[in-house]
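All letters in the sequence shown, in the order written, are residues 1 to 249 by this note's numbering. Structure first, commentary second.
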Amino acid sequence: MAIETFDLKREWLREVLPDGLPVGETTVVSGPGGSGKPLIGFAAVKSWLESGGSVVFLLTNSGREFVDETMTELYDFDVDAYPDRLSFVDFDPTLEPSVEGMVVDDPIEANLLEPEVWDEALSTAIDRVGDDVLVFASALNLFLFSPTYGDDSLKAFVDTVERDDDHTYLFTVSTSAFEDDIARVEDASDTVLMTEMRDDRLFLRGERSDSVAVSIDEVQVPFTPEQLGTIKSVSEETRTSLIPTLKEL
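Right, here's the structure in full:
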């Protein structure tokens, strides 16, 4: 039986995924840190919302303000126009790593290093927005910097990727650290796309897919060096603030 797919609208994404994004599966965008992977994910988020779906944002190294500002700048898109179909989960490693330590508000705040908390936060966020859900999670590799929880977090990611449910998952991961661990997430995923930065330009290609056609030819993503510089600055700020905290947990 042919898998259901979703048209991503953007021509440069169609070149890489000519059949569309596989629905009910996990797609991973992988590549070096600071190479604009979340910006690619935001293109899928825009198309998904415009087609009537709902989105859960799981944000590890940036907040809702970054999402709002970036999607407005890159895509002239107002996420606040879809309040009933958006749910946010903020990763806060300073909170107690337990379900009881979650702050179930808007956004949901939780120390997602504990797999039970990861599962509960995702389930709570998904329940808020209903059917046709795209779960978009960025910079999952950051969890692996925790010496106590890194292995458990990796298992939680793989279990989520392999989960048999109706939701569609789009994860971004950096290969700048823990490359072997990240490869386990890639191997478990249905579809893998790869990014590369050269001369302040972002390139995207398909690596493989178990269900849809992908092009292995590189496509230049039409972001300016200035726009890509924004994501680089977020990545650099993470290295100087969040990573040292995680290394102590």
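Positions of the beta carbon are idealized from the N, C-alpha and C atoms, including for glycine.
- Message: Here's the rule: buried if 16 or more other CB atoms are within 10 angstroms of the residue's CB, otherwise exposed. What is ASP106?
- Response: exposed
- Message: When you compare the CB positions of LEU170 and PHE223, do they come within less than 8 Å of one another, or not?
- Response: no
- Item | Per DSSP, the bridge partner or partners of THR168 | LEU134
- Can you check DSSP and say which residues form a bridge with ILE243? DSSP output for ILE243 lists no bridge partner at all.
- Entirely enclosed alpha helix (DSSP H) segments - the segment 137-199, minimum 4 residues: 150-161 and 179-188
- Query: Where does ASP90 sit, in a helix, a strand or coil, going by DSSP?
  - Reply: strand
- Query: Any idea what DSSP makes of GLU226, helix, strand or coil?
  - Reply: Helix, per DSSP.
- Query: In this structure, does DSSP put GLU207 in helix, strand or coil?
  - Reply: strand
- Endpoints, the beta strand (DSSP E) within which LEU59 is located: 54-59
- Range covered by the beta strand (DSSP E) that runs through GLU109: 108-110
- Closer than 7 Å by C-beta to THR124: which residues in its own chain qualify, once you throw out the five before and the five after it? Chain order, please. Closer than 7 Å at Cβ, skipping near neighbours: VAL104 and ILE108.
- Task: Assign PRO97 to one of three DSSP states: helix, strand, or coil.
- Result: coil
- Message: Taking 6 Å as the limit between beta carbons, can you name the residues of its chain near MET194, skipping five residues before and five after?
- Response: SER30, GLY31, ARG205 and GLU207
- Message: Going by DSSP, what residue range makes up the beta strand (DSSP E) through GLY31?
- Response: Residues 26-31.
- Item | C-beta contact flag for LEU13 and LEU39 at 8 Å | no
- Just the C-alpha distance for SER211 and LEU246, rounded to the nearest angstrom, thanks. 36 Å
- Look at LEU140 and ASP90 and say whether their C-beta atoms are less than 8 Å apart. no
- Going along the chain, which residues of its own chain have a beta-carbon closer than 6 Å to the beta-carbon of TYR149, five neighbours each way excluded? LEU113
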